[in-house]
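Visitor:
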Amino acid sequence: MALTGLQIYKLLPKTNCGKCGFPTCLAFAMALAGKKTELAQCPDVSEEAKTALGEASSPPIRLVTIGAGDRKAELGNETVMFRHEQTFYHKPVFAMRVDDTLSPDDLQAKKEKLKKLSFDRVGMVFGVEMIALKNSSGNPVKFAGAAGILNDPEYPMILITSDPAAMEAALEKAGSNRPLIYAADESNWEKMCELAKKYSCPLVVKAKGLEALGALVEKVKGAGVADIILDSEPENLHEALRDQVQVRRLALKKNNRTYGYPTIAFCGGDDIEMQAARASAFIDKYAGVIVLDVDEPWQALSIITLRLNIYTDPQKPIQMEAKIYPVGQVTDESPVLVTTNFSLTYFTVAGEIEASKIPAYLVIVDTDGTSVLTAWAADKFNPETISKAMKQYGIEGMVKHRSVIIPGYVAVISGGLEEESGWKVDVGPKEAAGIPAYLKKVGPKVKAPA
Ligand code: SF4
Numbered sequence: 048m049a050l051t052g053l054q055i056y057k058l059l060p061k062t063n064c065g066k067c068g069f070p071t072c073l074a075f076a077m078a079l080a081g082k083k084t085e086l087a088q089c090p091d092v093s094e095e096a097k098t099a100l101g102e103a104s105s106p107p108i109r110l111v112t113i114g115a116g117d118r119k120a121e122l123g124n125e126t127v128m129f130r131h132e133q134t135f136y137h138k139p140v141f142a143m144r145v146d147d148t149l150s151p152d153d154l155q156a157k158k159e160k161l162k163k164l165s166f167d168r169v170g171m172v173f174g175v176e177m178i179a180l181k182n183s184s185g186n187p188v189k190f191a192g193a194a195g196i197l198n199d200p201e202y203p204m205i206l207i208t209s210d211p212a213a214m215e216a217a218l219e220k221a222g223s224n225r226p227l228i229y230a231a232d233e234s235n236w237e238k239m240c241e242l243a244k245k246y247s248c249p250l251v252v253k254a255k256g257l258e259a260l261g262a263l264v265e266k267v268k269g270a271g272v273a274d275i276i277l278d279s280e281p282e283n284l285h286e287a288l289r290d291q292v293q294v295r296r297l298a299l300k301k302n303n304r305t306y307g308y309p310t311i312a313f314c315g316g317d318d319i320e321m322q323a324a325r326a327s328a329f330i331d332k333y334a335g336v337i338v339l340d341v342d343e344p345w346q347a348l349s350i351i352t353l354r355l356n357i358y359t360d361p362q363k364p365i366q367m368e369a370k371i372y373p374v375g376q377v378t379d380e381s382p383v384l385v386t387t388n389f390s391l392t393y394f395t396v397a398g399e400i401e402a403s404k405i406p407a408y409l410v411i412v413d414t415d416g417t418s419v420l421t422a423w424a425a426d427k428f429n430p431e432t433i434s435k436a437m438k439q440y441g442i443e444g445m446v447k448h449r450s451v452i453i454p455g456y457v458a459v460i461s462g463g464l465e466e467e468s469g470w471k472v473d474v475g476p477k478e479a480a481g482i483p484a485y486l487k488k489v490g491p492k493v494k495a496p497a
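Numbering (this note's numbering), first residue to last: 48 to 497.
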């Protein structure tokens with residue numbers, strides 16, 4: 048039975064240290080009772096308390112990992128129905144469906160196409176992350192051969208067959224990279240559970256409708272499989288959305304552990320536009336894995352962009368790594384500009400430097416992703432932090448001169464920065480759009496190399 052906030056509070060350290068992101072242990076306990084956070088956020092909780100808290104400390108939706116190594120995908124661990132209540136932690140992963148009836152050359156070609164389904168957005172690369180291999184041939188040998196060709200730790204796999212013999216043959220080739228097994232149903236669940244345990248792989252449990260699905264999940268759990276993904280086999284988008292929402296409500300609002308797992312959704316079909324529409328619905332509500340029949344960048348662009356927006360943490364601005372970025376073919380005479388690590392600020396300033404055709408160093412100061420004026424007002428972009436960043440990232444060793452250009456909006460700190468850094472401080476334009484004209488005016492020492 049779920050514990051109340053006060054019962055949880057009694058087991059916490061009661062130091063009100065704030066490391067969990069809550070001002071007091073009581074606030075944290077209340078949030079934990081409401082499934083709005085997890086016990087792991089408190090670094091000081093005792094092992095004894097962890098045991099005592101039992102289910103209250105485990106996430107309402109289990110964290111399930113597909114794949115191995117750096118490119119493994121993590122799903123679940125969500126704590127809210129709506130992003131504005133806190134955030135969504137793990138974005139749904141996209142899988143490109145491939146049939147095992149393709150020739151080895153065509154399978155390789157598909158893999159190459161998958162690599163091109165990615166886009167650079169605000170300094171990060173987003174794309175289709177998985178391959179869903181379907182045993183369309185019905186032939187275990189062909190299925191295993193295709194799994195061997197596509198097996199790659201860079202792209203976690205979903206193996207799709209209801210035949211345990213075909214699944215085992217494919218797992219022998221690709222099991223070490225921890226693919227997702229699709230799927231255990233009423234007819235094969237015992238054998239699929241054995242395979243999931245033998246190869247330490249996550250397992251999709253599928254049954255028509257939530258009631259039958261819940262009954263089968265309990266059997267699979269009873270057989271010792273913990274990493275489960277749910278498929279309620281909906282017949283249309285209406286049923287699919289209804290089930291997705293219901294599963295999340297049961298897990299978060301009713302604390303029903305039977306449904307406390309990520310879900311999978313299929314969007315295949317000939318109509319590419321409808322696939323994008325269906326995938327958009329599942330990005331919004333609440334699929335963990337979305338399987339698509341796409342292999343061209345234009346087919347994936349809209350949903351990758353939508354996912355980026357929905358799964359951006361509203362509490363954390365998108366930020367760049369704080370360091371020195373050379374823009375263009377810099378030399379030891381190139382000008383040095385400084386700004387904050389808010390992504391939009393970085394890309395705007397870097398873009399204008401590029402447009403000026405005058406290579407320059409851009410020192411990015413860690414201001415928790417805030418823009419210049421916000422960071423200045425919050426005392427995160429001041430002579431001390433700027434000077435510290437310049438020293439820490441070693442700009443002194445990169446240029447012969449000692450002049451730094453600051454954004455015009457913070458002209459007021461120029462004197463303090465000169466004192467703190469020992470560098471001559473020039474006040475640049477207020478708006479990034481003024482940078483090209485400004486740099487061209489700065490003088491011969493910043494001329495672009497011929
Ligand atoms: S981190 Fe732990 S001890 Fe510190 S306030 Fe949060 S719950 Fe209390």
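All C-beta atoms in this analysis are idealised placements derived from N, C-alpha and C, irrespective of residue type, glycine included. Keep in mind it's a predicted model, so treat the numbers as computed, not measured.
What residue range does the beta strand (DSSP E) around Arg-304 cover?
Guide: Note, Arg-304: premise wrong, no beta strand (DSSP E); not H, not E.
Visitor: Below 8 Å CB to CB, which residues in the same chain sit around Lys-83 once its five sequence neighbours on both sides are set aside?
Guide: So the list reads Thr-126, Val-127, Glu-132, Gln-133, once near-sequence residues are dropped.
Visitor: How many Å lie between Cys-67 and Pro-90 at the Cα?
Guide: Distance between the alpha carbons of Cys-67 and Pro-90 is about 7 Å.
Visitor: What are the uninterrupted segments assigned as alpha helix (DSSP H) that are 4 or more residues long and contained completely in the segment 116–163, given in chain order?
Guide: Qualifying alpha helix (DSSP H) stretches, in chain order: 151–163.
Visitor: Just reading off the alpha helix (DSSP H) that Tyr-456 is part of, what are its end residues?
Guide: Segment: none, Tyr-456 is in no alpha helix (DSSP H) and carries neither H nor E.
Visitor: Where does the unbroken beta strand (DSSP E) through Thr-112 begin, and where does it stop?
Guide: Element bounds for Thr-112: 111–113.
Visitor: Output the distance between the C-alpha atoms of Thr-71 and Val-377, rounded to the nearest integer angstrom.
Guide: Approximately 50 Å between the Cα atoms of the pair.
Visitor: So Tyr-456 packs on Lys-471, CB below 8 Å; how close in whole Å?
Guide: Rounded, the Cβ-Cβ distance is 19 Å, inconsistent with contact.
Visitor: Less than 8 Å between the CB atoms is what I'm expecting for Phe-313 and Pro-139, so what's the real figure, rounded?
Guide: Rounded, the Cβ-Cβ distance is 13 Å, inconsistent with contact.
Visitor: Would you kindly report the start and end of the unbroken alpha helix (DSSP H) that includes Pro-364?
Guide: That residue, Pro-364, is in no alpha helix (DSSP H); it is neither H nor E in DSSP.
Visitor: Could you give the first and the last residue of the continuous alpha helix (DSSP H) run that contains Val-396?
Guide: Counting along the chain, the alpha helix (DSSP H) containing Val-396 begins and ends at 390–403.
Visitor: Taking the alpha-carbon of Gly-481 as reference, which of Ile-411, Ala-424, Ala-397, Thr-421 has the nearest alpha-carbon?
Guide: Selected option, being the one with the closest Cα: Ala-397.
Visitor: Short check: CB of Pro-373 to CB of Pro-406, under 9 Å?
Guide: Going by C-beta atoms, Pro-373 is nearer than 9 Å to Pro-406.
Visitor: Pull up the distance between the alpha-carbon of Gly-65 and that of Glu-85, whole angstroms please.
Guide: Spanning the two alpha carbons is a distance of roughly 14 Å.
Visitor: Could you name the residues of the same chain whose beta carbon sits closer than 8 Å to that of Val-145, not counting the 5 residues immediately before and after it, in chain order?
Guide: For Val-145, where only same-chain residues beyond five positions count, the Cβ hits under 8 Å are Leu-154, Lys-157, Ile-178, Ala-179, Leu-180, Lys-181, Ala-193, Leu-197.
Visitor: Report the rounded CA-to-CA distance for Gly-335 versus Gly-375, giving the unit in angstroms.
Guide: Distance between the alpha carbons of Gly-335 and Gly-375: 40 Å.
Visitor: Measure the beta-carbon distance from Arg-289 to Ala-115 and round it to whole angstroms, keeping in mind my assumption that it falls under 8 Å.
Guide: The Cβ separation is near 34 Å, so there is no contact.
Visitor: Taking the alpha-carbon of Arg-109 as reference, which of Ile-275, Val-489, Lys-97 has the nearest alpha-carbon?
Guide: It is Ile-275.
Visitor: When we look at the beta-carbon of Met-321 and count the other beta-carbons within 10 Å, is it buried (16 or more) or exposed?
Guide: Counting Cβ neighbours within 10 Å, Met-321 comes out exposed, since fewer than 16 surround it.
Visitor: Would you report the Cα separation of Met-77 and Glu-465, rounded to the nearest angstrom?
Guide: When rounded, the distance between both Cα atoms is 49 Å.
Visitor: Report the rounded CA-to-CA distance for Thr-208 versus Ala-216, giving the unit in angstroms.
Guide: About 11 Å.
Visitor: The alpha helix (DSSP H) spanning Ala-168 covers which residue range?
Guide: Looking at the sequence provided, one finds Arg at residue 168 rather than Ala. Premise fails: Arg-168 lies in the beta strand (DSSP E), 165–168, not in any alpha helix (DSSP H).
Visitor: When the distance is taken between beta carbons, is Val-341 closer than 9 Å to Ser-381?
Guide: No, Cβ-Cβ distance for Ser-381 and Val-341 is not below 9 Å.
Visitor: Where does Ser-247 sit, in a helix, a strand or coil, going by DSSP?
Guide: Coil, per DSSP.
Visitor: Using a 10 Å radius around the Cβ and a threshold of 16 neighbouring Cβ atoms, would you call Val-412 buried or exposed?
Guide: The residue in question, Val-412, is buried, as its Cβ has 16 or more Cβ neighbours within 10 Å.
Visitor: Going by DSSP, what residue range makes up the beta strand (DSSP E) through Lys-471?
Guide: 471–474 is the span of the beta strand (DSSP E), which, as asked, contains Lys-471.
Visitor: Let me check one thing: in DSSP terms, what residues is Leu-260 bridge-paired to?
Guide: Answer is none; Leu-260 lacks a bridge partner.
Visitor: To the nearest angstrom, how far is the alpha carbon of Asn-388 from that of Ile-357?
Guide: About 22 Å.
Visitor: Do Thr-305 and Gly-261 have their beta-carbon atoms positioned less than 9 Å apart in this structure?
Guide: The answer is yes: Cβ separation under 9 Å.
Visitor: Using a Cβ-based criterion (distance less than 8 Å to any ligand heavy atom), does Thr-71 qualify as near the ligand SF4?
Guide: Yes.
Visitor: Met-445 by DSSP, collapsed to three states: which one?
Guide: Three-state DSSP puts Met-445 in coil, outside helix and strand.
Visitor: Answer yes or no: do Tyr-308 and Val-264 have a C-beta to C-beta separation smaller than 9 Å?
Guide: Going by C-beta atoms, Tyr-308 is nearer than 9 Å to Val-264.
Visitor: So Thr-432 is in the alpha helix (DSSP H); what residue range does that whole segment cover?
Guide: Where Thr-432 is concerned, the enclosing alpha helix (DSSP H) stretches over 430–440.
Visitor: Under three-state DSSP, which class holds Phe-329?
Guide: It is helical.
Visitor: So what's Gly-269 in DSSP terms, helix, strand or just coil?
Guide: DSSP places Gly-269 in helix when its eight states are reduced to three.
Visitor: Just to confirm, are Ala-212 and Glu-233 a CB contact at a threshold of 9 Å?
Guide: Contact flag unset, no.
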